[in-house]
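Residue numbers (the numbering used here), protein chains in the order written: chain A, 108 to 296; chain B, 108 to 296. Where a beta carbon is used, it is the ideal one built from N, C-alpha and C, also for glycine. Just so it is clear, the structure is predicted and the values come from calculations on it, not from any experiment. Report on the following structure.
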DNA sequence: GTCTATAGGAAGATAGAC
DNA sequence: GTCTATCTTCCTATAGAC
């Protein structure tokens, strides 16, 4: 059990996520992680004996379950399809702060020792995201293959818009993506 | 003037580009850069007194002029539009090795001290790319705003497909992007 | 469970011989 | 223009007190 001024488990992972998301794996030094969590290096090692690699792994694990509970599952209600697509738009807007923040999946893919530790979780999350969108896309009678293709395209547009927004220093690409999302996913041109 | 066994200017920048593209800015240590170029640390500092930051800057500068000469300008011929779009597809396929390689713009955007040194060049290259595609898109009588939007979308899809291909460990997303590119850019649905 | 202190090594960068 | 050798700083990780 923690002492009085300890940081909570939730806030801890959240702070680590923020650092990995903003600086990437190699840029996330223990000094920064220590500063942002308010814990000393040694305290971080007590909580994560595996060091930085374990921290990133747990961040990814929490990200995965967070997305499942707060994005994928809420999209599975029996509310009208347009309502759920609007929910998707709002959630993505909040998740990436209107395009100001990068995606941790992209940032952790850039790890120099990428082969192995994160690849599996990242792949799983990408596929779960596509699957969730695919279910939305096919619920109005659209053929499965078509819905799947649209879902994959939306995921491409999402991450491409984030890359472009960061690269150009403008939130507009992400905003335009969000605006086009319903048409892209449901195929109403 | 160089000695006999020196690496050429072109190969030097090429080797540096490869490292930055594959490992990101923070992951590109001087040890790796030294190993991949065949030059010792001190030799690299003789050529780039500004250190790693100057190396990345020059890599971006060369990337920009390379793209201008080998991609943007060749698209400005008076050949049939479909022929030029096919050229674009081929060039992109080669540039990213069929989706196996990441984009250096995305990888250098992830630098921990991103503010400043690279932001400007990266932004310029993104805009030049969009502009080049926009010209292609509007040459068949399409409205300027529509062509611009399509060009931006193609750039999003390009980078999104690269992110997705790396994240899932499959070249298919990039391949599907290349296949859809002509329709996306010219709007023939 | 958190801390201070420190080990041990790799990072970026420089000096000076050739 | 390239090298070996070195400097300083920062890194990851551990030891041990509280």
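A contact is defined here as three or more CB-CB pairs under 8 Å, and the segment 121 to 136 of chain B fails this definition with respect to the segment 278 to 296 of chain A.
Beta-carbon to beta-carbon, residue 278 of chain A and residue 207 of chain A are separated by about 6 Å, close enough to satisfy the 8 Å threshold.
In this chain, the alpha helix (DSSP H) harbouring residue 134 of chain A covers 116 to 134.
Contact between residue 202 of chain B and residue 244 of chain B is absent: CB atoms are separated by about 20 Å, not below the 8 Å threshold. Taking a Cβ-Cβ cut-off of 7 Å, residue 120 of chain A has no neighbours in chain B, whose nearest Cβ is about 21 Å from it. In this structure residue 213 of chain A is buried. Its beta-carbon is surrounded by 16 or more other beta-carbon atoms within 10 angstroms. Out of B:289, B:248, B:114 and B:143, the CA that lies nearest to the CA of residue 124 of chain B is found in B:143. Burial check for residue 259 of chain B: the Cβ neighbour count within 10 Å reaches 16 or more, so the residue is buried. Residue 258 of chain B carries a helical assignment under DSSP once its states are collapsed to helix, strand and coil. Between residue 230 of chain A and residue 275 of chain B, the C-beta spacing is below 8 Å. In the same chain as residue 289 of chain A, and ignoring 5 residues on each side of it, the C-beta atoms closer than 6 Å to its own belong to 192, in chain order. Burial state of residue 218 of chain B is buried, judged by a 10 Å Cβ sphere holding 16 or more other Cβ atoms. Residues of the segment 123 to 149 of chain B with a Cβ closer than 9 Å to any Cβ of chain A, in chain order: 129, 130, 131, 132, 133, 134, 135, 136 and 139.
A distance below 8 Å separates the beta carbons of residue 198 of chain B and residue 178 of chain B. The beta carbon of residue 127 of chain B is closer than 7 Å to those of 135, 163, 166, 211, 214 and 215 in its chain, skipping five residues each way along the sequence. About 11 Å separates the Cβ atoms of residue 138 of chain A and residue 151 of chain A, ruling out a contact at the 8 Å cut-off.
Secondary structure at residue 163 of chain B: helix, using DSSP grouped into helix, strand and coil. Contact annotation for residue 268 of chain B against chain A: 263 [CB-CB distance below 7 Å, chain order].
Of all residues in the segment 225 to 240 of chain A, only 226, 229, 230, 232, 233, 234 and 237 place a beta-carbon less than 9 Å from a beta-carbon of chain B. Note on geometry: alpha-carbon atoms of residue 172 of chain A and residue 186 of chain A lie some 23 Å from one another.
Chain order gives the chain B residues near residue 214 of chain A as 217, where near means a beta carbon separation below 8 Å. Shown in chain order are the members of the segment 273 to 284 of chain A whose Cβ falls below 8 Å from a Cβ of chain B: 273, 274, 275, 276, 280, 283 and 284. Of the candidates A:194, A:241, A:204 and A:235, A:241 places its Cα closest to the Cα of residue 256 of chain A.
Not one beta carbon of chain A lies nearer than 8 Å to the beta carbon of residue 290 of chain B. The beta-carbon of residue 182 of chain B is placed no less than 8 Å from the nearest beta-carbon of chain A. Neighbourhood of residue 271 of chain A in chain B, by CB distance below 7 Å: 233, 262, 263 and 266, in chain order. Under the Cβ criterion of 8 Å, residue 259 of chain B is counted among the residues facing chain A.
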